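S.K.: Structure provided below as structure tokens; questions to follow.
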Amino acid sequence: MMGDRGMVNKKKKKKKDKKSLGYKQRLNLVYSIVFCLLGFLVIRLGWLMLVSGRALEAKANSEWQREISVTATRGDILDRNESVLVSSANVYRLDFDLDAIRTHIKNKDVTKEEIATQIASVVTEVSYDEILEALNKKNSDGSDATYARLARGITKDVADSADDLGIYGLIVSRDVKRYYPNGNFLSTALGGINSEGVGLTGIELQYDEYLAGISGMKIGAYDSWGNRLPFETYKFTPPVDGNDIILTIDENLQYVAEKIAQKGLEEHNAKGVHVLIMDPNNGEILAMVNKPDYDPNTPYEGYESFEGETENDQIQNMWRNWLVSDTFEPGSTFKTVTMVAALEEGLVSDDDIFVCNGSVKFGNTTVHCWKREGHGTQTLAEVLKNSCNVGMMEIGQRLGIEKLNKYIYKLGFGKTTGIDLPGEASGIVKSSDTVSAIDLATISFGQTNTVTSLQLMTAFNAIANGGDLIQPHIVKEISHEDESGNRIIDEEIKAAIKTDVLSDESTALLRSYLERTVTKDGPDGSFVQGYNVGGKTGTAQKVDPETGTYSKDKYISSMIALAPVENPQITVFIAVDEPSNGAYYGGEVAAPLMKELFEEVFKYMDSPLAKERFSIYKNVIIPDVRGKSIEEAKEILKANNLEAEVKGNGKTIVSMDTYPGATVKEGTTITITAKDSGQVEKQVIMPDLKGNTEEFATSILNNLGLVYEFEGEGNVYSQSVTAGNKVVKGTKVTITLKKEFEY
Numbered sequence: 051m052m053g054d055r056g057m058v059n060k061k062k063k064k065k066k067d068k069k070s071l072g073y074k075q076r077l078n079l080v081y082s083i084v085f086c087l088l089g090f091l092v093i094r095l096g097w098l099m100l101v102s103g104r105a106l107e108a109k110a111n112s113e114w115q116r117e118i119s120v121t122a123t124r125g126d127i128l129d130r131n132e133s134v135l136v137s138s139a140n141v142y143r144l145d146f147d148l149d150a151i152r153t154h155i156k157n158k159d160v161t162k163e164e165i166a167t168q169i170a171s172v173v174t175e176v177s178y179d180e181i182l183e184a185l186n187k188k189n190s191d192g193s194d195a196t197y198a199r200l201a202r203g204i205t206k207d208v209a210d211s212a213d214d215l216g217i218y219g220l221i222v223s224r225d226v227k228r229y230y231p232n233g234n235f236l237s238t239a240l241g242g243i244n245s246e247g248v249g250l251t252g253i254e255l256q257y258d259e260y261l262a263g264i265s266g267m268k269i270g271a272y273d274s275w276g277n278r279l280p281f282e283t284y285k286f287t288p289p290v291d292g293n294d295i296i297l298t299i300d301e302n303l304q305y306v307a308e309k310i311a312q313k314g315l316e317e318h319n320a321k322g323v324h325v326l327i328m329d330p331n332n333g334e335i336l337a338m339v340n341k342p343d344y345d346p347n348t349p350y351e352g353y354e355s356f357e358g359e360t361e362n363d364q365i366q367n368m369w370r371n372w373l374v375s376d377t378f379e380p381g382s383t384f385k386t387v388t389m390v391a392a393l394e395e396g397l398v399s400d401d402d403i404f405v406c407n408g409s410v411k412f413g414n415t416t417v418h419c420w421k422r423e424g425h426g427t428q429t430l431a432e433v434l435k436n437s438c439n440v441g442m443m444e445i446g447q448r449l450g451i452e453k454l455n456k457y458i459y460k461l462g463f464g465k466t467t468g469i470d471l472p473g474e475a476s477g478i479v480k481s482s483d484t485v486s487a488i489d490l491a492t493i494s495f496g497q498t499n500t501v502t503s504l505q506l507m508t509a510f511n512a513i514a515n516g517g518d519l520i521q522p523h524i525v526k527e528i529s530h531e532d533e534s535g536n537r538i539i540d541e542e543i544k545a546a547i548k549t550d551v552l553s554d555e556s557t558a559l560l561r562s563y564l565e566r567t568v569t570k571d572g573p574d575g576s577f578v579q580g581y582n583v584g585g586k587t588g589t590a591q592k593v594d595p596e597t598g599t600y601s602k603d604k605y606i607s608s609m610i611a612l613a614p615v616e617n618p619q620i621t622v623f624i625a626v627d628e629p630s631n632g633a634y635y636g637g638e639v640a641a642p643l644m645k646e647l648f649e650e651v652f653k654y655m656d657s658p659l660a661k662e663r664f665s666i667y668k669n670v671i672i673p674d675v676r677g678k679s680i681e682e683a684k685e686i687l688k689a690n691n692l693e694a695e696v697k698g699n700g701k702t703i704v705s706m707d708t709y710p711g712a713t714v715k716e717g718t719t720i721t722i723t724a725k726d727s728g729q730v731e732k733q734v735i736m737p738d739l740k741g742n743t744e745e746f747a748t749s750i751l752n753n754l755g756l757v758y759e760f761e762g763e764g765n766v767y768s769q770s771v772t773a774g775n776k777v778v779k780g781t782k783v784t785i786t787l788k789k790e791f792e793y
């Protein structure tokens with residue numbers, strides 16, 4: 051019994067052990083599975099964290115976050131006196147995140163048409179159709195676009211109303227609108243920007259990287275239904291506003307130049323009138339005008355009157371800065387270059403005599419002077435004064451093409467000046483090995499080679515300043531305002547200078563010739579009574595683009611000038627392109643405009659506004675006050691802008707410390723001596739009357755007590771008594787009048 055029971059117990063125990071073993075195995079299996087799952091999860095988690103983490107984070111962020119660009123405020127453009135010429139105002143813009151819009155349509159169960167209707171109800175700047183077009187925007191491959199621009203330059207009220215619509219994917223952000231408060235003023239130099247606020251032309255393009263600033267970024271958070279999450283942003287990077295640009299332009303001189311150019315355009319029914327005013331001593335551009343022009347506030351309007359095969363060509367020509375981008379044969383203004391080259395080489399002198407019979411023959415070809423009957427015998431100064439082509443051809447022959455080209459290149463022709471404006475042309479200078487005898491002749495008086503207005507002025511400035519070739523520039527400083535409103539200069543623009551390209555002696559002599567040239571034309575030309583202006587006119591035939599020959603009726607009438615001759619502080623270039631009212635000589639067309647411009651410029655230069663920068667004065671002829679009472683003498687001197695210092699105790703003026711008839715600066719003090727008895731002095735100085743009107747000469751000669759006789763008509767061309775000589779009252783003077791225009 052006991053044995054059987056033991057056997058039974060053993061069997062039970064064995065069965066129990068097998069059961070326990072099965073349980074443990076199953077448990078171990080479960081553990082293994084759990085462990086494997088955990089291991090897999092850990093590996094997967096590690097993979098997700100280490101390998102795919104950034105991609106998944108970006109994906110998650112894309113579901114929740116929206117990046118909104120914050121536009122930087124574009125810098126202002128100011129004139130040299132800090133008058134604002136271009137400014138920016140903070141406005142707002144609307145854009146579509148089209149992926150978000152599609153989510154909004156799905157979650158809110160709305161249509162694109164309904165969204166367009168909502169937006170059109172508050173944003174009047176765009177139509178329903180334009181909104182719908184933006185919502186349906188496609189990529190070039192036909193796929194759905196992810197972004198579309200809707201509206202720019204909207205007010206804060208409109209932006210707030212659009213924002214309140216709660217349309218997920220309608221992005222409202224700050225924007226900047228560009229304002230040109232003076233309209234067309236300086237427009238071709240200032241240029242403009244495109245619809246994205248990027249510089250398109252002019253200074254806006256040239257200095258875009260300084261003006262533009264750096265956009266900021268706002269990252270907003272939204273839920274899956276397009277509702278804003280309680281916090282406004284995850285991150286905000288503020289924009290960096292653009293720098294301000296301070297120009298060399300003087301708003302007052304620009305205004306004068308604009309007015310004169312517009313007058314010339316209308317008076318001569320011209321294709322265009324162009325004016326450039328510079329400081330020859332530092333290369334600064336003080337005024338730059340191209341007429342007709344345009345309003346950069348509406349840069350795509352008004353192009354219809356401009357030349358061009360397509361609308362785009364017309365628009366480009368409207369924006370074009372002729373003074374920078376167009377080339378032409380300069381005509382007689384270039385004679386200054388030929389003459390200064392010959393002076394530098396010692397091949398001509400003040401005593402040289404030139405004979406003009408009206409033409410020069412080169413084989414079978416005859417090259418004429420503009421004055422077909424010839425100028426006869428002339429001095430070197432008279433060759434320039436008469437603008438004699440024959441005289442200039444002889445000077446050109448003395449130089450030869452190698453030496454002439456040496457100075458042409460030396461003075462910057464044939465290459466760009468490097469001005470800080472886009473689109474500068476370089477002109478064409480014929481290389482020495484391709485120049486014929488006829489070419490040399492025509493180059494010497496301003497044909498064959500082509501130049502830009504800037505090149506011509508840069509070379510002329512070297513004559514004005516005593517020999518330095520200075521790079522022209524229109525920007526003076528790059529700056530910004532600090533938080534207190536103080537202007538901080540970030541960068542000062544320095545012009546490149548090549549010193550002593552010409553000598554003081556040659557340039558001074560040439561300036562004296564230029565003064566005689568202006569005096570010859572008198573008040574009907576560019577002569578301004580009381581001021582020493584030097585200049586040279588030019589009449590350039592234009593080349594017909596179809597025939598390649600000189601046009602018989604299309605000219606560029608121009609003049610280049612400096613003042614004052616003894617210490618030039620300002621240079622001016624005026625070009626009238628295709629005058630069509632009959633007159634076309636530079637002396638007839640450009641010179642009178644130059645006179646008007648200088649009259650206004652001198653008023654400004656002598657005003658308190660500009661006194662610190664310019665040192666300009668007017669010359670006056672001392673009137674004779676001898677024999678007058680003290681009070682009468684003071685009144686007469688005061689009327690001529692002269693001061694009086696009285697010596698003596700008498701009642702009648704008997705002598706003056708400077709003889710009447712002499713020329714002195716305005717404001718000079720004249721010492722007058724008063725006695726009750728004694729002989730009144732009768733000697734006077736013969737004044738320089740050349741260039742003045744017959745009426746002005748008459749009043750001066752009457753005051754000085756000289757007997758006079760006028761011959762001819764026009765303005766004073768010469769006088770029988772040399773200016774500066776002492777003569778006694780009653781001396782007879784013959785005054786020759788002449789009216790002629792320079793070529």
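No gaps in the numbering here: position 646 of the sequence shown is 696 in this note's numbering, and each next residue is one more.
Don't be surprised by glycine CBs; every beta carbon is placed ideally from N, CA and C.
No experiment lies behind these values; they were computed from the predicted model shown.
Out of curiosity, what's the CA-to-CA distance linking Tyr220 and Leu236?
M.R.: It is Leu, not Tyr, that sits at residue 220 in the sequence shown. Their Cα atoms are separated by approximately 39 angstroms.
S.K.: Under DSSP, the beta strand (DSSP E) around Leu687 begins and ends at which residues?
M.R.: No beta strand (DSSP E) holds Leu687; the alpha helix (DSSP H) holding it covers 680-689.
S.K.: For a test of the three-state rule: what should DSSP assign to Leu552, helix, strand or coil?
M.R.: Residue state, collapsed to three classes: coil.
S.K.: Check this for me: beta carbons of Pro380 and Ala514, under 9 angstroms apart or not?
M.R.: Cβ atoms of Pro380 and Ala514: not closer than 9 angstroms.
S.K.: Runs of 4 residues minimum, wholly inside the segment 630-658: which ones carry the alpha helix (DSSP H) assignment?
M.R.: Taking only runs of at least 4 residues, the alpha helix (DSSP H) segments lying wholly in the segment 630-658 are 636-655.
S.K.: Pick out whichever of Gly322, Lys321, Ile785, Ile327 has its Cα sitting closest to the Cα of Asn302.
M.R.: Asn302 has its Cα closest to that of Ile327, out of Gly322, Lys321, Ile785, Ile327.
S.K.: If you measure between the beta carbons of Ala296 and Val525, is that distance less than 9 angstroms?
M.R.: The sequence shown places Ile at residue 296, not Ala. Yes, they are a contact pair.
S.K.: By DSSP, does His318 sit in helix, in strand, or in coil?
M.R.: Three-state result, His318: coil.
S.K.: Can you tell me which of the three DSSP states Asp258 falls into?
M.R.: Reduced to three states, the DSSP call for Asp258 is helix.
S.K.: Within this structure, are the beta carbons of Asn367 and Tyr350 separated by less than 9 angstroms?
M.R.: Result no, Cβ atoms of Asn367 and Tyr350 do not sit closer than 9 angstroms.
S.K.: Here's a check: name, in chain order, each residue in its chain whose Cβ is nearer than 7 angstroms to the Cβ of Ala212, leaving out the five neighbours to either side.
M.R.: For Ala212, where only same-chain residues beyond five positions count, the Cβ hits under 7 angstroms are Leu144, Ile169, Val172, Val173, Leu220, Val222.
S.K.: Whose C-beta lies closer than 7 angstroms to the C-beta of Arg224 among residues of the same chain, with five residues either side of it excluded?
M.R.: Correct list, in chain order: Val120, Thr121, Asn140, Tyr142.
S.K.: Is Lys604 closer than 9 angstroms to Glu628 when the C-beta atoms are compared?
M.R.: The answer is yes: Cβ separation under 9 angstroms.
S.K.: Please check the pair Glu716 and Asn691, which I expect to be a contact at CB under 8 angstroms, by giving their CB distance rounded to whole angstroms.
M.R.: That pair is a contact at about 4 angstroms.
S.K.: Report yes if the C-beta distance between Ile520 and Ile528 is below 9 angstroms; otherwise report no.
M.R.: Not closer than 9 angstroms, so no.
S.K.: What is the DSSP secondary structure of Tyr218, counted as helix, strand or coil?
M.R.: If DSSP states are grouped into helix, strand and coil, Tyr218 belongs with coil.
S.K.: Look at the alpha carbon of Arg448 and the alpha carbon of Ser494, and state the distance between them as a whole number of angstroms.
M.R.: Each residue's Cα considered, the two are about 11 angstroms apart.
S.K.: Using a Cβ-Cβ cut-off of 6 angstroms (strictly less than) and excluding sequence neighbours within five positions of Gly358, which residues of its own chain qualify?
M.R.: Here the set comprises Gln364, Asn367.
S.K.: Whole angstroms are fine: how far does the CA of Asn536 sit from the CA of Ile671?
M.R.: Taking the straight line joining both Cα atoms gives about 48 angstroms.
S.K.: Quick one: what's got a C-beta closer than 7 angstroms to Asp129's C-beta in the same chain, skipping five residues either side?
M.R.: Answer for Asp129: Leu135, Leu297, Ile299, Asp300, Glu301, listed in chain order.
S.K.: Between the alpha carbons of Ile680 and Ile703, how many angstroms are there, rounded?
M.R.: One C-alpha to the other measures close to 6 angstroms.
S.K.: In the DSSP assignment, what are the bridge partners of Glu334?
M.R.: In DSSP, Glu334 forms a bridge with Asp329, His523.
S.K.: Going by beta carbon distance, what residues of the same chain come within less than 6 angstroms of Pro618, once the five residues before and after it are set aside?
M.R.: Pro330, Ala514, Leu612, listed in sequence order.
S.K.: Report the rounded CA-to-CA distance for Thr283 versus Asp291, giving the unit in angstroms.
M.R.: Residue placement at Thr283 cannot be trusted, given a pLDDT of 49 that sits under 50; the coordinates are not used to answer.
S.K.: How many angstroms separate the CA atom of Phe286 from the CA atom of Gly247?
M.R.: Approximately 22 angstroms, taken between the alpha carbons.
S.K.: Should Ala184 and Arg199 be called a contact, given that it needs their Cβ atoms to be closer than 9 angstroms?
M.R.: Yes.
S.K.: Leu454 and Val551 look like a contact to me (Cβ under 8 angstroms); what is the Cβ gap, rounded to whole Å?
M.R.: Actually they do not touch by this definition, with Cβ atoms about 15 angstroms apart.
S.K.: With DSSP run on the structure shown, which of helix, strand or coil describes Cys86?
M.R.: Of the three classes helix, strand and coil, the one that applies to Cys86 here is helix, per DSSP.
S.K.: Whole angstroms are fine: how far does the CA of Met442 sit from the CA of Val387?
M.R.: Rounded to whole angstroms, Val387 to Met442 spans 11 angstroms at the Cα level.
S.K.: Between which two residues does the beta strand (DSSP E) containing Arg537 stretch?
M.R.: Counting along the chain, the beta strand (DSSP E) containing Arg537 begins and ends at 537-542.
S.K.: Cutting at 8 angstroms between CB atoms, please list the residues of its own chain near Lys456, excluding the five before and the five after it.
M.R.: Within the same chain, Lys456 has close Cβ partners Ala391.
S.K.: For Thr781, which residues of its own chain have a beta-carbon under 6 angstroms away from its beta-carbon, when the five flanking residues on both sides are left out?
M.R.: Leu756, listed in sequence order.
S.K.: What does DSSP give as the partner residue(s) for Met267 in the beta ladder?
M.R.: Partner(s): Ser119, Thr287.
S.K.: Measuring only the C-alpha atoms, how far is Ile217 from Ile165?
M.R.: Their Cα atoms are separated by approximately 8 angstroms.
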